[in-house]
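Just so you know, the sequence shown maps onto residues 0 to 931 in numbering that gives the first Met the number 0.
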Amino acid sequence: MAVRRSRTQKIAIFSSRLKVFSRCIGLGLLTLFLIMWVFPTLAQHPPIPLTGSTQIQVLSREQYHREQDINSVQEDDNALTQLEQGKALYAAGRFWQAIRVWQQAMQGYQDRGDRIHHALSLSYLSLAYQELGQWQEAEQTITQSLNLVANLLKPTPNHQRLLAQLLNTQASLHYAQGQMEAALETWKQAEQAYQDAGDQTGIFGSQINQAQVLQALGLYRRSQITLERVQTQLQTQADSLLKAAGLRSLGVALQVVGNLEESQQVLQQSLAITQRFDSASDQSATLFSLGNTARALQEFEEAIAYYQQAASTAISPLTQVEAQLNQLSLLIETQNWTDTQTLVPQIYAQLSNLPLNRAAVYAQVNFAESLIKMGSRGAGDQREMGELSQYLVRAGFVDTLPPSIANRKSLNPPLHPQNHTLEDHKGFPRAIAQLLARAIHQARQLNDTRAESYALGQLGHLYMETQQWLEARGLTEKALTLAQGIQATEIAYRWQWQLSQILQHQGNLTGAIAANREAVHTLQSLRSDLVAINPDVQFSFRETVEPIYRNLVELLLRNQPTPEQLQEARETIESLRLAELENFFREACWQVQRQAIDQIDPQASVIYPIILPNHLAVIVSLPGKPLRYFQTDVTETQIDSTIEQLLQALNPVWSTKERLRLSQQVYDWLIRPIEQELKENEIKTLVFVLDGALRNLPMAALYDGEQYLIENYNIALSVGLQLIEPRSLLPQQLKALTAGLTEARDGFPALPAVELEVENIAAQIPTKVFLNQQFTHQALQEQIEATPFPVVHLATHGQFSSKAENTFLLTWNGRIKVKDLDQLLQTRQRQNTNPIELLVLSACQTATGDKRAALGLAGLAVRSGARSTLATLWSVNDESTAQLMVEFYRQLTQSQVSKAQALRQAQLTLLRQPNYQHPFYWAPFVLVGNWL
Numbered sequence: 000m001a002v003r004r005s006r007t008q009k010i011a012i013f014s015s016r017l018k019v020f021s022r023c024i025g026l027g028l029l030t031l032f033l034i035m036w037v038f039p040t041l042a043q044h045p046p047i048p049l050t051g052s053t054q055i056q057v058l059s060r061e062q063y064h065r066e067q068d069i070n071s072v073q074e075d076d077n078a079l080t081q082l083e084q085g086k087a088l089y090a091a092g093r094f095w096q097a098i099r100v101w102q103q104a105m106q107g108y109q110d111r112g113d114r115i116h117h118a119l120s121l122s123y124l125s126l127a128y129q130e131l132g133q134w135q136e137a138e139q140t141i142t143q144s145l146n147l148v149a150n151l152l153k154p155t156p157n158h159q160r161l162l163a164q165l166l167n168t169q170a171s172l173h174y175a176q177g178q179m180e181a182a183l184e185t186w187k188q189a190e191q192a193y194q195d196a197g198d199q200t201g202i203f204g205s206q207i208n209q210a211q212v213l214q215a216l217g218l219y220r221r222s223q224i225t226l227e228r229v230q231t232q233l234q235t236q237a238d239s240l241l242k243a244a245g246l247r248s249l250g251v252a253l254q255v256v257g258n259l260e261e262s263q264q265v266l267q268q269s270l271a272i273t274q275r276f277d278s279a280s281d282q283s284a285t286l287f288s289l290g291n292t293a294r295a296l297q298e299f300e301e302a303i304a305y306y307q308q309a310a311s312t313a314i315s316p317l318t319q320v321e322a323q324l325n326q327l328s329l330l331i332e333t334q335n336w337t338d339t340q341t342l343v344p345q346i347y348a349q350l351s352n353l354p355l356n357r358a359a360v361y362a363q364v365n366f367a368e369s370l371i372k373m374g375s376r377g378a379g380d381q382r383e384m385g386e387l388s389q390y391l392v393r394a395g396f397v398d399t400l401p402p403s404i405a406n407r408k409s410l411n412p413p414l415h416p417q418n419h420t421l422e423d424h425k426g427f428p429r430a431i432a433q434l435l436a437r438a439i440h441q442a443r444q445l446n447d448t449r450a451e452s453y454a455l456g457q458l459g460h461l462y463m464e465t466q467q468w469l470e471a472r473g474l475t476e477k478a479l480t481l482a483q484g485i486q487a488t489e490i491a492y493r494w495q496w497q498l499s500q501i502l503q504h505q506g507n508l509t510g511a512i513a514a515n516r517e518a519v520h521t522l523q524s525l526r527s528d529l530v531a532i533n534p535d536v537q538f539s540f541r542e543t544v545e546p547i548y549r550n551l552v553e554l555l556l557r558n559q560p561t562p563e564q565l566q567e568a569r570e571t572i573e574s575l576r577l578a579e580l581e582n583f584f585r586e587a588c589w590q591v592q593r594q595a596i597d598q599i600d601p602q603a604s605v606i607y608p609i610i611l612p613n614h615l616a617v618i619v620s621l622p623g624k625p626l627r628y629f630q631t632d633v634t635e636t637q638i639d640s641t642i643e644q645l646l647q648a649l650n651p652v653w654s655t656k657e658r659l660r661l662s663q664q665v666y667d668w669l670i671r672p673i674e675q676e677l678k679e680n681e682i683k684t685l686v687f688v689l690d691g692a693l694r695n696l697p698m699a700a701l702y703d704g705e706q707y708l709i710e711n712y713n714i715a716l717s718v719g720l721q722l723i724e725p726r727s728l729l730p731q732q733l734k735a736l737t738a739g740l741t742e743a744r745d746g747f748p749a750l751p752a753v754e755l756e757v758e759n760i761a762a763q764i765p766t767k768v769f770l771n772q773q774f775t776h777q778a779l780q781e782q783i784e785a786t787p788f789p790v791v792h793l794a795t796h797g798q799f800s801s802k803a804e805n806t807f808l809l810t811w812n813g814r815i816k817v818k819d820l821d822q823l824l825q826t827r828q829r830q831n832t833n834p835i836e837l838l839v840l841s842a843c844q845t846a847t848g849d850k851r852a853a854l855g856l857a858g859l860a861v862r863s864g865a866r867s868t869l870a871t872l873w874s875v876n877d878e879s880t881a882q883l884m885v886e887f888y889r890q891l892t893q894s895q896v897s898k899a900q901a902l903r904q905a906q907l908t909l910l911r912q913p914n915y916q917h918p919f920y921w922a923p924f925v926l927v928g929n930w931l
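Here it is in structure tokens:
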């Protein structure tokens with residue numbers, strides 16, 4: 000979403016960049032402002048947050064003469080006026096004009112030897128250069144600024160405030176260039192300068208900035224602690240508009256790190272203060288942020304209401320347009336076409352009132368993208384679209400209607416987006432093109448390369464939608480050249496991806512692969528920034544990032560792929576899985592030494608299915624053999640539907656015949672083509688690296704027409720192609736810390752058989768047991784720290800979800816969130832070199848209705864740091880679980896029995912019992928990670 004005061008950014012469509020507090024010297028209350036890193040067009044889920052306004056406050060004459068040690072400096076009224084003029088231009092998004100004015104002011108101060116104002120002018124210039132992606136100039140000016148005052152500043156409040164401002168400018172530059180450690184250290188210095196100045200608000204801002212950097216570095220816990228400290232300190236301040244602004248910025252920061260409920264609470268408090276002080280502009284900004292948080296919480300009606308209130312209370316036309324644009328994007332996302340048709344003319348009417356600046360360019364690009372989405376998603380029916388098009392003609396938005404609209408004889412039949420193009424059924428692509436052409440012209444007037452790249456790229460997207468491939472390619476290549484010219488890789492990846500799609504349609508497969516490969520490489524270079532973004536707040540990972548990886552795989556696997564192409568395809572999906580997990584946690588994963596899984600076990604085969612839009616690709620690794628590849632012509636929709644039906648059929652109340660039919664269908668997709676090769680190579684263990692909806696399905700239940708897969712093979716799952724230094728678990732190593740709940744807690748039912756389960760386990764191996772009231776977070780952590788248990792067995796309710804905040808384990812006194820699990824389980828690992836060998840979760844389940852819930856299991860397996868994790872995909876019979884677990888541990892006590900073998904024998908024990916032979920009882924137990 001375009002924002003009021005945007006800055007250059009490190010991430011494009013999906014990212015809200017650094018929320019930077021900066022403080023400038025001035026009269027009275029010093030201005031707190033938020034420097035936003037944003038993309039001008041809408042993020043998929045939901046738009047980029049918008050809070051605060053970027054203001055630069057110039058040192059006033061009175062403030063300047065307040066310090067005795069600089070009283071001798073003579074002010075130049077003209078130069079001071081120029082600083083103020085530059086501030087106004089910067090705030091309006093007219094950065095080149097601001098640069099020219101500040102250069103004149105800087106020269107005046109330099110001629111008179113006024114080093115304080117000379118340094119301040121250079122700092123302002125650096126900010127403006129950063130806006131325009133002129134990194135060398137930005138670096139030179141801020142370095143000169145700091146050098147000028149290096150031996151000049153005294154330990155007085157005003158001088159320390161000036162130092163803090165310069166450090167803020169330098170830190171924002173470090174962040175923009177991906178120098179996270181340097182940014183963190185510089186903001187620490189800025190915080191110290193604010194402390195020396197006695198400036199509490201500046202301290203808050205510096206701390207929030209540090210939290211954002213820590214998040215980008217993958218240091219989630221430190222980031223969280225920092226934000227909690229800021230929140231506690233803010234609550235001690237008296238109510239004021241400055242406090243309201245601080246709370247609003249904190250609310251946005253909490254939103255970015257994924258603490259949505261806390262974000263909502265903090266923003267509500269900020270709103271109450273702004274209402275008490277009757278500040279319409281502050282109310283509008285906070286309402287806007289509340290809308291974004293509500294949208295992230297999928298409270299769509301509340302979000303629309305907040306956006307409407309933000310627009311109605313807004314003072315400036317730009318603020319009103321931005322709120323309406325976010326509302327429009329949400330209406331399109333929820334396919335509320337009636338309200339969409341009403342809102343579009345209102346937004347257009349406001350666009351003509353915007354001043355010439357970057358924000359206005361972004362707003363037009365934003366609006367154009369929404370109109371394109373309306374076309375691609377089949378907005379409303381022809382009558383509604385015809386009426387809207389006629390309005391746009393009358394309003395002067397476009398001279399004449401496109402022929403497909405103007406010449407249409409019938410406007411009544413409903414539209415079906417799968418059967419039409421934008422040109423066919425939406426009309427006004429010419430109107431959108433004119434809007435973008437105006438945005439391009441304005442960007443050039445502003446000498447704003449970044450804004451021009453956005454507008455050109457979006458125009459290329461419009462031509463791509465209307466299948467005018469030659470024009471689309473030219474525009475996209477121009478947009479890409481501009482982005483690369485200012486080293487804006489966060490923009491470049493999008494145009495690389497768009498170019499790949501265009502080249503595909505032109506039949507240039509080699510060029511399409513090259514462009515797609517570059518887009519993937521660019522995304523990988525941005526990984527440290529991707530992990531800092533909440534997947535719900537900032538972008539839809541599945542819609543924005545995942546297609547780029549999958550499309551490259553699809554291109555590589557066309558036309559009898561070579562071994563090198565198979566390897567690249569597998570590595571590409573592997574990168575996607577890692578990015579997906581990092582997106583799940585919003586921080587980096589897998590930072591320990593790992594080993595390739597197809598080099599571990601000479602009797603194991605690795606099966607790597609990849610779900611693509613129109614077929615299922617399977618890459619198989621056999622010991623000592625080249626990669627094997629086969630594919631089945633089945634669409635992603637068909638795959639998802641079959642898996643959903645099979646999961647339902649695994650309930651005992653369903654028809655056995657239907658269950659076996661569906662189970663055999665999936666077997667035919669994954670196993671049948673290599674069935675003979677598995678036998679010829681004497682494979683004992685199948686290791687699945689599953690994709691998409693397949694992750695929710697227990698492979699043990701696949702049926703070949705006569706037997707289940709578990710009857711012929713040991714089965715294991717792996718999150719990716721590497722494991723934490725796998726090794727066997729020897730019988731003499733078996734020593735377990737076991738904890739569980741037998742009583743109902745927190746809305747979950749009682750598990751009476753858990754007591755028998757843990758008692759029987761204790762009879763098999765040495766065990767320390769905690770039940771019910773004994774099973775608390777603190778008690779568990781103390782035991783893990785005190786004794787190096789190789790096995791941790793938790794017989795308690797838990798839930799796996801595609802959202803980290805909804806993935807947890809239940810204790811007597813609360814829930815252990817997946818993000819806290821590593822702090823709990825890896826405490827011992829930090830003290831010794833050995834991780835937990837086996838983590839057992841015997842009563843967990845995937846979240847109901849969550850098709851990607853198994854991602855939570857993968858995340859938990861990674862987060863625990865354990866070599867192996869044994870868990871359940873759904874909640875199963877209490878008594879049968881107890882039997883299976885006892886047999887599992889009995890098998891582990893035997894010599895030369897792997898974890899996968901032990902689980903298989905335990906599952907077969909249940910399968911052979913009449914009461915438990917249905918897969919519902921034994922199939923959901925899955926071993927993730929090391930199977931040895």
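Ideal placement from N, C-alpha and C gives every residue a C-beta, glycine not left out.
In three-state DSSP terms, what is K153? Locating residue 153 in the sequence shown gives position 154, where the first residue counts as 1. Coil.
Proximity to A865 [Cα-Cα], best of A478, Y453, Y193, V791: The sequence position of residue 865 within the sequence shown is 866, counting from 1. Selected option, being the one with the closest Cα: V791.
Selection from L249, T312, A302 that minimises the alpha carbon distance to Q274: If you number the sequence shown from 1, residue 274 lands on position 275. The shortest C-alpha separation from Q274 is found at T312.
Minimum C-alpha distance to L461 - residue among L434, Q486, A442, R694: Here residue 461 corresponds to residue number 462 of the sequence shown, with the count starting at 1. That would be L434, whose Cα lies nearest to the Cα of L461.
Please list the terminal residues of the continuous beta strand (DSSP E) segment that includes H792. On the sequence shown, position 793 is the one that residue 792 refers to. Looking at the DSSP string, the run of the beta strand (DSSP E) that includes H792 is 790–799.
Between the Cα of Q602 and the Cα atoms of I547, I642, E570, K678, which residue gives the shortest distance? Residue mapping note: residue 602 aligns to position 603 of the sequence shown, counting from 1. Of the listed residues, the one whose Cα sits closest to Q602 is K678.
Considering I638, what are the terminal residues of the alpha helix (DSSP H) in which it resides? The sequence position of residue 638 within the sequence shown is 639, counting from 1. 635–648 is the extent of the alpha helix (DSSP H) around I638.
Flag this pair as yes or no: are the beta carbons of A881 and N759 separated by less than 8 Å? Along the sequence shown, one-based indexing puts residue 881 at 882. Along the sequence shown, one-based indexing puts residue 759 at 760. Their beta carbons are under 8 Å apart, which means A881 touches N759 by this criterion.
Meets three-Cβ-pair contact criterion under 8 Å: the segment 249–260 and the segment 278–297: yes
So, is F276 buried or exposed, given that buried needs 16 or more other C-beta atoms within 10 angstroms? Your numbering for residue 276 matches position 277 in the sequence shown. With fewer than 16 other Cβ atoms within 10 Å, it is exposed.
For L869 and Y707, I'd like the C-alpha separation in whole angstroms. The residue you call residue 869 lines up with position 870 of the sequence shown. The residue you call residue 707 lines up with position 708 of the sequence shown. Going from the Cα of L869 to the Cα of Y707 covers about 20 Å.
Just mark D68 as buried or exposed, buried being the case when its beta carbon has 16 or more other beta carbons within 10 Å. What you label residue 68 is simply residue 69 of the sequence shown in a count that begins at 1. Because the pLDDT at D68 is just 37, under 50, the model does not fix this residue reliably, and the point stays unresolved.
Confirm, please, whether the CB-CB distance from T795 to L883 is below 8 Å. On the sequence shown, position 884 is the one that residue 883 refers to. On the sequence shown, position 796 is the one that residue 795 refers to. No; because the gap between Cβ atoms is not below 8 Å, this pair is not in contact.
On the CB-based measure, 16 or more other CB atoms within 10 Å of its CB, does T521 come out buried or exposed? Reading the sequence shown from its first residue, position 522 is the one you call residue 521. Its Cβ being crowded by 16 or more others within 10 Å, T521 is buried.
Could you say if the segment 698–717 and the segment 765–784 meet the contact criterion of at least three C-beta pairs nearer than 8 Å? no
My output table needs one value for N805: the three-state DSSP class, helix, strand or coil. As a position in the sequence shown, residue 805 is number 806, starting the count at 1. Note: N805 maps to helix in three-state DSSP.
Limits of the unbroken alpha helix (DSSP H) element including V665: In the sequence shown, counting from the first residue as 1, residue 665 sits at position 666. 655–669 is the span of the alpha helix (DSSP H), which, as asked, contains V665.
Would you give the residue range spanned by the alpha helix (DSSP H) that T488 belongs to? Against the sequence shown, residue 488 aligns to sequence position 489. Unbroken alpha helix (DSSP H) run through T488: 488–504.
Out of E643, L621, H614, point me to the one whose CA is closest to D632's CA. Indexing the sequence shown from 1 puts residue 632 at position 633. Checking every option, the nearest Cα to that of D632 belongs to H614.
If you follow the beta strand (DSSP E) that S867 is in, where does it begin and where does it stop? The residue you call residue 867 lines up with position 868 of the sequence shown. Residues 867–871.
What number of angstroms, rounded off, separates the C-alpha of A785 from the C-alpha of P622? Your numbering for residue 785 matches position 786 in the sequence shown. Your numbering for residue 622 matches position 623 in the sequence shown. In a straight line, the C-alpha of A785 is about 41 Å away from that of P622.
Can you tell me where the alpha helix (DSSP H) holding K767 begins and where it ends? Looking up residue 767 in the sequence shown gives position 768. Note, K767: premise wrong, no alpha helix (DSSP H); beta strand (DSSP E) at 766–770.
So, using beta-carbon positions, are H440 and W468 closer together than 8 Å? Looking up residue 440 in the sequence shown gives position 441. Looking up residue 468 in the sequence shown gives position 469. Not in contact: H440 and W468 (Cβ atoms no closer than 8 Å).
Need the endpoints of the beta strand (DSSP E) that Y607 sits in, please. Along the sequence shown, read from residue 1 onward, the residue named residue 607 stands at position 608. Looking at the DSSP string, the run of the beta strand (DSSP E) that includes Y607 is 603–610.
Can you give me the C-alpha to C-alpha distance between S897 and H173, rounded to a whole angstrom? Within the sequence shown, the letter at position 898 stands for residue 897. Within the sequence shown, the letter at position 174 stands for residue 173. Going from the Cα of S897 to the Cα of H173 covers about 50 Å.
Can you list, in chain order, the residues of its chain whose CB lies under 7 Å from that of S524, leaving out five sequence neighbours each side? For the purposes of this step, residue 524 is taken as the residue at position 525 of the sequence shown. Excluding sequence neighbours, S524 sits near T488.
Can you round the beta-carbon distance between V148 and W186 to whole angstroms, since I take them to be within the 8 Å contact cut? Your numbering for residue 148 matches position 149 in the sequence shown. Your numbering for residue 186 matches position 187 in the sequence shown. Not quite, the Cβ-Cβ distance comes to about 18 Å (not below 8 Å), so this is no contact.
At least three beta-carbon pairs within less than 8 Å, the segment 142–158 to the segment 91–106: no
Sheet register partners of K898 (DSSP bridge): Locating residue 898 in the sequence shown gives position 899, counting from the first residue. According to DSSP, which records beta bridges pairwise, K898 is partnered with nothing at all.
For S894, does the count of other Cβ atoms within 10 angstroms reach 16, so buried, or fall short, so exposed? Working through the sequence shown from its first residue, we reach residue 894 at position 895. Exposed, since its Cβ has fewer than 16 Cβ neighbours within 10 Å.
DSSP state of K816, grouped into three classes? The sequence position of residue 816 within the sequence shown is 817, counting from 1. In the structure shown, K816 sits in a strand (DSSP, three-state: E or B).
R744, DSSP secondary structure in three states: For the purposes of this step, residue 744 is identified with residue 745 of the sequence shown, where counting begins at 1. Strand.
Candidates L693, L259, Q223: which alpha carbon is nearest L611's? Here the question's residue 611 lines up with position 612 in the sequence shown. With distances taken between Cα atoms, L611 lies closest to L693.
Residue nearest to D195 in terms of C-alpha spacing, selected from Q178, P156, E635, R221: Within the sequence shown, residue 195 is the residue found at index 196, counting from 1. Nearest option by C-alpha distance: P156.
Which listed residue (G112, P354, L891, G201) has its alpha carbon closest to that of L151: Here residue 151 refers to the residue found at position 152 of the sequence shown. When only C-alpha atoms are compared, the closest one is G112.
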